[in-house]
Every structure is written in C-alpha cells, then in structure tokens.
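Enquirer: In full-length UniProt numbering, the protein residues as written are 1 to 301.
Take this structure, written in structure tokens, and hold onto it; I'll ask about it next.
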Amino acid sequence: MSGENRKLGLIGATSAYLVWGFLPIFWKMFGKAGGWEVVAHRVVWSLLVMLLLLVIFKKFHKFKETFHYFAEQKQYAICLTLAAAFAGVNWWINIYGVNSNQVVELGIGMFLTPLISVFLGVLFYKEKLPPLKWASILLAFLGLLIMVFQLGRIPWIAVGVSSTWAIYGALKKKIKVDPWISNTIESGLMLPLALVYIFTLNHVGTSHFFSGNPAEDLTWVLVSTGVITTIPMVAFSYAALNLPLNVLGFCMYINPILTLLVGIFIFKEPFNTKQLLPLSFIWSSIILFLFSESRTLAARR
1 MSGENRKLGL IGATSAYLVW GFLPIFWKMF GKAGGWEVVA HRVVWSLLVM
51 LLLLVIFKKF HKFKETFHYF AEQKQYAICL TLAAAFAGVN WWINIYGVNS
101 NQVVELGIGM FLTPLISVFL GVLFYKEKLP PLKWASILLA FLGLLIMVFQ
151 LGRIPWIAVG VSSTWAIYGA LKKKIKVDPW ISNTIESGLM LPLALVYIFT
201 LNHVGTSHFF SGNPAEDLTW VLVSTGVITT IPMVAFSYAA LNLPLNVLGF
251 CMYINPILTL LVGIFIFKEP FNTKQLLPLS FIWSSIILFL FSESRTLAAR
301 R
C-alpha cells in the first residue's frame with residue numbers, strides 16, 4: 001500500500017472512531033422515542049444512503065451480483081442474516097444505554113469487545129493464542145466478575161454491547177465481501193421488519209415520525225440517522241482496506257475512551273471505585289494483549 005493511501009486510511013479510521021465515540025450525544029436526542037423506533041429508521045435511511053453511494057461509486061452492479069450469490073448460498077445467507085440481527089440488537093443497546101443514563105457502562109463494555117473477539121476467534125476459527133493473550137482474556141474476565149460483584153447484578157449493557165459486536169465481527173469474518181456491499185445487504189435484510197415496525201407505530205399513534213405534535217416530533221432527526229451512521233462506516237471501510245490490522249486495532253480504542261469521557265464529563269454520570277476497579281483490570285488486559293501482539297510482530301520481522 002502507498003504512503004498516501006495509508007495516510008488517508010489513518011484519517012478514515014480516526015474520523016470513524018471519533019464520530020462513534022461522540023455518537024452518544026446524538027442518541028441522547030431520541031429520549032422521547034423508543035430504541036427500536038430509532039433502529040428501524042436507521043435501517044431505512046442508512047439503506048437509502050448506502051444505495052446512493054453504491055450508485056455514485058459505480059458499485060451497484062456488483063451489489064446486485066453479490067445479493068444474488070448470497071441468495072443461492074445458504075451458508076452465507078444464514079451468516080449475513082445472523083450478522084444483521086446482531087447488528088440491530090447492538091444498535092438498540094447503544095441507544096438504550098445512552099437514554100437510560102448508562103453511558104459509562106456502555107464505554108466499559110466497548111473496551112471488552114476486542115478481547116471477546118479474540119476469544120471467539122479461538123472458539124470458532126481455531127486461532128492459536130500465546131500464553132500472554134490467554135492471560136489478558138483472564139484479566140478481562142476477572143474485571144467483569146468484579147463489576148458483577150460491585151454492582152450486585154450482571155452489567156448487561158456492558159456484556160450486551162461487547163458480545164453482540166464481537167459476534168457480529170466473527171460472522172462477518174466468514175463473508176469475505178466488500179463491507180459497503182455486505183452492510184447494504186444487511187440493511188436490506190432488516191428493511192421488512194423495520195417498515196412493519198414504523199407503520200405499526202404510526203397506526204397506533206405512538207410514532208415520532210411526522211407525528212403532528214411539534215413537542216414530540218423527531219422526523220428530521222430520525223432521517224439524519226442515515227447520514228450520521230453511514231458516513232463513519234464508509235470511512236472505516238476505506239481504512240480497513242488501507243491500514244494494517246495492528247494499526248486499525250489500536251485506533252479501535254478511541255471509541256470506548258471517548259464514550260467513557262462523554263458519560264463522565266458531558267452527561268455527569270457517576271464514576272468511582274465501583275467502575276474504576278473493574279476497568280483497571282480490563283485496561284491491564286488490553287495493555288498485556290497489545291504487549292503480546294507487539295512481541296509477535298517483532299518476531300515476524
């Protein structure tokens with residue numbers, strides 16, 4: 001890869017994770033609407049934006065070919081359908097976490113995602129791990145157990161957001177297709193359910209889309225989910241094609257750091273030893289993992 005492409009890839013990755021890190025501020029605007037209504041509109045409007053981009057970048061023909069191929073290949077069709085389902089649940093957890101004042105827990109959960117992804121790689125793809133990486137997974141698990149003990153409950157926001165995104169990534173690993181195209185197909189698979197949900201809300205009079213009540217109406221904010229959530233995905237897709245995985249993986253931590261800071265300093269959520277102690281274990285596990293990865297890369301040179 002050229003130096004210019006790598007530079008643009010780094011800009012793309014940083015931009016994507018910056019947007020995702022500050023996304024809780026955007027989700028806070030939907031406090032009046034239910035999480036599933038926002039998810040449904042995100043599906044509709046992001047699909048329209050993605051289709052438009054595929055036409056602009058002359059990839060629509062490839063999209064149609066890939067769609068027909070997946071329709072004929074049962075294994076890939078199942079993987080993509082499951083990926084779409086886990087993506088939808090992940091979006092809902094993010095929105096619910098923000099609007100139930102659990103952004104700090106959301107940020108802590110995001111730190112767990114890469115480590116759960118590593119564990120799934122061992123479980124489903126038979127990837128081999130050196131002892132240090134196993135130790136990092138154990139540290140993260142201990143951090144989670146401490147969090148359960150401190151809170152007196154399972155931190156389902158943290159567990160849910162990390163596990164659904166890690167499973168989504170594991171499923172997408174099986175589908176070696178242009179991420180723009182696979183993301184568009186995922187939204188297409190979710191579209192029927194999204195439309196049914198939107199029309200049902202409209203029928204029973206609880207919709208926030210052209211509701212007729214200025215105090216409750218969120219029409220244009222709901223429409224904006226298409227652009228707000230698609231643009232960082234496009235930037236990330238470009239970065240994934242032009243950056244080494246170790247650089248991309250390091251950039252990944254921008255998102256949870258910013259989410260955590262947004263929860264503490266913007267939404268003024270409590271942050272004390274109940275959160276700091278388990279988080280210190282999770283941070284230690286990440287440092288240990290990165291140290292192990294750097295040793296592996298050095299040995300290959």
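Using N, Cα and C, we set each Cβ at its ideal position, and we do this for glycine too.
Please read all numbers here as calculations on a predicted model, not as lab measurements.
Is it a yes or a no for the stretch 132-144 touching the stretch 76-89, going by three-plus beta-carbon pairs under 8 Å?
Expert: no
Enquirer: Check whether the stretch 111-126 touches the stretch 147-155, counting contact only when three or more Cβ pairs, one atom from each stretch, lie closer than 8 Å.
Expert: no
Enquirer: Rounded to whole angstroms, what is the Cα-Cα separation between Ser-44 and Ile-198?
Expert: Position check: residue 44 holds Val in this sequence, whereas Ser was assumed. Each residue's alpha carbon lies about 10 Å from the other.
Enquirer: Ordered along the chain, which non-local residues of its own chain (more than five positions away) have a Cβ less than 7 Å from that of Lys-133?
Expert: Val-118, Phe-289 and Ser-292
Enquirer: Taking the alpha-carbon positions, what's the Lys-64 to Leu-82 distance?
Expert: 20 Å
Enquirer: Which residues in the same chain have their Cβ closer than 7 Å to the Cβ of Ser-211, if we skip the five residues on either side of it in sequence?
Expert: Asp-217
Enquirer: As a quick exercise: from Asn-255, Leu-297, Ser-294 and Lys-268, pick the residue whose alpha carbon is nearest that of Gly-21.
Expert: For Gly-21, the nearest C-alpha among the options comes from Asn-255.
Enquirer: Verify the CB distance criterion: does Met-110 have a CB-CB separation below 8 Å to chain D?
Expert: No chain D appears in this structure, which consists of one protein chain only.
Enquirer: Might you give, ordered along the chain, the residues of its own chain that have their beta carbon closer than 6 Å to the beta carbon of Ala-235, omitting 5 neighbours on each side?
Expert: Gly-12, Ser-15 and Ala-16
Enquirer: Determine the DSSP secondary structure at Thr-81, reduced to helix, strand or coil.
Expert: helix
Enquirer: What is the DSSP secondary structure of Val-177, counted as helix, strand or coil?
Expert: coil
Enquirer: Does the stretch 225-245 come within contact of the stretch 68-83, defined as at least 3 CB pairs closer than 8 Å?
Expert: By the criterion of at least three beta-carbon pairs nearer than 8 Å, the stretch 225-245 is not in contact with the stretch 68-83.
Enquirer: Taking the alpha-carbon of residue 333 as reference, which of Ala-240, Val-103 and Leu-193 has the nearest alpha-carbon?
Expert: This structure gives no information on residue 333, because the portion of the chain shown stretches from 1 to 301.
Enquirer: I want to know whether the stretch 32-46 touches the stretch 236-251 - three or more CB-CB distances under 8 Å.
Expert: no
Enquirer: Would DSSP call Ser-211 helix, strand or coil?
Expert: coil
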